[in-house]
Amino acid sequence: MLTGKQKRYLRSLAHNIDPIFQIGKGGINENMIQQIDDTLENRELMKIHVLQNNFEDKKDLAEQLTVATKSELVQVIGSMIVIYRESEDNKEIQLP
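At position 30 of the sequence shown (counting the first as 1) the number is 30 in full-length UniProt numbering, and the numbers step up by one without a gap.
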């Protein structure tokens, strides 16, 4: 579980990264979860953009993603979801 200080640190890192995935009207599927899982292993921190044609609650989508990928929710802001998972092989982010 991330502390408030760690979340603030991750938010500051996430500020400069572009979203890698988009969730459209089709929502979240198995293929997307697998790709996000692989990307998290390589990058640890990622942003996901929820498109305007998706009418699901963004917090619900974030919850689904974090459960499916065993990651931590850093932030839901506007149409962006920021998630983090410590990498087993490519650990680069040192949490405070």
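Quick reminder that beta carbons are idealized off the backbone N, C-alpha and C, glycines included.
Just so you know, these numbers come straight off a predicted model, no measurement behind them.
Limits of the beta strand (DSSP E) - the one that residue i falls within
| i | result |
| --- | --- |
| Leu61 | Note, Leu61: premise wrong, no beta strand (DSSP E); alpha helix (DSSP H) at Lys58 to Thr69. |
| Gln22 | Phe21 to Ile23 |
Same chain only: Cβ atoms within 8 Å of residue i, ignoring 5 sequence neighbours per side
| i | result |
| --- | --- |
| Leu45 | Leu10, Leu13, Ala14, Ile17, Val74, Val82, Ile83, Tyr84 and Ile93 |
| Pro96 | Lys5, Gln6 and Tyr9 |
| Ile66 | One detail in the question is off: residue 66 reads as Thr in this sequence, not Ile. Cβ within range, chain order: Glu72, Leu73 and Ile83. |
Residues bridged to residue i [DSSP beta-bridge criterion]
| i | result |
| --- | --- |
| Tyr84 | Leu45 and Glu72 |
Interface flag, residue i vs chain D, CB-CB below 8 Å
| i | result |
| --- | --- |
| Arg43 | Absent from the structure: chain D. Only one protein chain is present. |
Boundaries of the alpha helix (DSSP H) in which residue i is found, first to last residue
| i | result |
| --- | --- |
| Leu51 | Leu51 -> no alpha helix (DSSP H), and no H or E assigned at all. |
| Ser79 | It is not in any alpha helix (DSSP H) - Ser79 carries neither H nor E in the DSSP assignment. |
| Leu10 | Gly4 to Ala14 |
Cβ neighbours of residue i in the same chain (closer than 6 Å, five flanking residues each side left out)
| i | result |
| --- | --- |
| Asp37 | Thr69 |
| Ser87 | Glu41 and Glu44 |
Contact check, residue i vs residue j, beta carbons under 8 Å
| i | j | result |
| --- | --- | --- |
| Asn42 | Gly24 | no |
| Lys91 | Val76 | no |
| Val50 | Ser79 | yes |
| Gly63 | Gly27 | Contrary to the premise, residue 63 reads as Glu rather than Gly in this sequence. Not in contact: Glu63 and Gly27 (Cβ atoms no closer than 8 Å). |
Sequence-distant residues of the same chain with beta carbon closer than 7 Å to residue i, five excluded per side
| i | result |
| --- | --- |
| Met32 | Phe21 |
| Pro19 | Lys47, Ile48, His49 and Met80 |
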